[in-house]
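The structure under discussion appears below in the form of structure tokens.
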Amino acid sequence: MKPLKEFTIPFVGLKEGKHHFDYEIKNEFFEYFEYEDFNSSDLKIDVDFVKKSTLLELHFEVTGTVNINCDVTNEPYDQEIENSFDLVVKFGEAFNDDYIDILILPHGEYEVNIQQYIYELIVLSLPLKRIHPGVEDGTLDSDILNKLEELSPKVKDIKKDQEESDPRWNTLKKLLTDK
Numbered sequence: 001m002k003p004l005k006e007f008t009i010p011f012v013g014l015k016e017g018k019h020h021f022d023y024e025i026k027n028e029f030f031e032y033f034e035y036e037d038f039n040s041s042d043l044k045i046d047v048d049f050v051k052k053s054t055l056l057e058l059h060f061e062v063t064g065t066v067n068i069n070c071d072v073t074n075e076p077y078d079q080e081i082e083n084s085f086d087l088v089v090k091f092g093e094a095f096n097d098d099y100i101d102i103l104i105l106p107h108g109e110y111e112v113n114i115q116q117y118i119y120e121l122i123v124l125s126l127p128l129k130r131i132h133p134g135v136e137d138g139t140l141d142s143d144i145l146n147k148l149e150e151l152s153p154k155v156k157d158i159k160k161d162q163e164e165s166d167p168r169w170n171t172l173k174k175l176l177t178d179k
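Numbering-wise, the UniProt record's numbering puts 20 at position 20 of the sequence shown, and it's gapless, one number per residue.
Below, the structure written as structure tokens:
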């Protein structure tokens, strides 16, 4: 997969100190990664880049919304996203990205590509279970919710089943209480 040019930071020409990069993320970015869970996205990425003599420090912050489908009703809704991530780039003998927040680049490298870190930051910012806010507060009227309510077991039905147990078990139940 060829890296996207706009997410490559050539740090050789930068002076030591703090630099700032802004990125606007739309669905085209996720199409590159073949990630199709978002109906639409409107995200802003702020990257604070600190160049030091022996290493680079990057601080990512993502804010915005993505339009996704609810796991319960499959209704689309806007999910707010807000998250941050810190990355340290060191220099060594060979490329190594085994660690979560440390990237080792070989000596002589002159640029760093951050597209994978941005992608992971956004995708991992989503909740595990995506529930439409209308489902949580009861304001969403959906055919799926009505069908789920219709098919769910009723509390009084459960109590009836417990009361109508087989009388042969009554003697064994006494053993539980006779200690």
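Beta carbons are placed, not taken as given, at the ideal position from N, Cα and C, and that holds for glycine. Note that the coordinates shown come from a computational prediction; the quantities given were computed from them, not determined experimentally.
Next on the checklist: Can you find the residues in the same chain that come closer than 8 Å, C-beta to C-beta, to D86, ignoring five residues on each side of it along the sequence?
Outcome noted: For this step, residue 86 is matched to residue 86 along the sequence shown. Answer for D86: E57, L58, H59, F60 and D101, listed in chain order.
Next on the checklist: Suppose you measure from the CA of P10 to the CA of L148; what does that come to, to the nearest Å?
Outcome noted: Locating residue 10 in the sequence shown gives position 10, counting from the first residue. Locating residue 148 in the sequence shown gives position 148, counting from the first residue. Answer to the nearest angstrom: the Cα atoms are 54 Å apart.
Next on the checklist: Could you compute how far the alpha carbon of L145 sits from the alpha carbon of L121?
Outcome noted: Numbered from 1 along the sequence shown, position 145 holds the residue referred to as residue 145. Numbered from 1 along the sequence shown, position 121 holds the residue referred to as residue 121. Straight-line Cα distance between these residues: approximately 32 Å.
Next on the checklist: What does the alpha-carbon distance come out to for the pair L43 and G17?
Outcome noted: As a first step, residue 43 must be located in the sequence shown, where it is residue number 43. As a first step, residue 17 must be located in the sequence shown, where it is residue number 17. About 26 Å.
Checklist entry - Near V50, which residues of its chain fall below 6 Å by C-beta distance, leaving aside the five closest residues on each side in sequence? => result Residue numbering aside, residue 50 sits at position 50 when the sequence shown is read from its first letter. Answer for V50: K18 and E57, listed in chain order.
Next on the checklist: Given this structure, state the Cα-to-Cα distance separating I131 from D22, to the nearest angstrom.
Outcome noted: Taking the sequence shown and counting its residues from 1, the one referred to as residue 131 is at position 131. Taking the sequence shown and counting its residues from 1, the one referred to as residue 22 is at position 22. Between I131 and D22, the C-alpha separation is close to 30 Å.
Checklist entry - Short check: CB of Q79 to CB of T63, under 8 Å? => result Counting from one through the sequence shown, the residue named residue 79 turns up at place 79. Counting from one through the sequence shown, the residue named residue 63 turns up at place 63. No, Cβ-Cβ distance for Q79 and T63 is not below 8 Å.
Next on the checklist: Helix, strand or coil, according to DSSP, for residue 212 in the structure here?
Outcome noted: Because residue 212 is not part of the residues shown, which for the chain are 1 to 179, the question remains open.
Checklist entry - So the beta strand (DSSP E) P106 belongs to, where does it begin and stop? => result Counted from its first residue, the sequence shown places residue 106 at position 106. Residues I102 to P106.
Next on the checklist: Shorter than 7 Å, the distance from the beta carbon of N83 to the closest heavy atom of the ligand FAD, or not?
Outcome noted: The model on display carries no ligand, and the ligand FAD is accordingly not part of it.
Checklist entry - By Cβ distance, which residues of its chain are closer than 8 Å to P106, with the 5 residues on each side in sequence left out? => result As a working note, residue 106 is residue 106 in the sequence shown. Same-chain partners within the cutoff: F91, G92, E93, A94 and F95.
Checklist entry - For G134, which option in G13, Y77 and D46 has the closest C-alpha, if you only look at C-alpha atoms? => result Position 134 of the sequence shown holds residue 134. Checking every option, the nearest Cα to that of G134 belongs to Y77.
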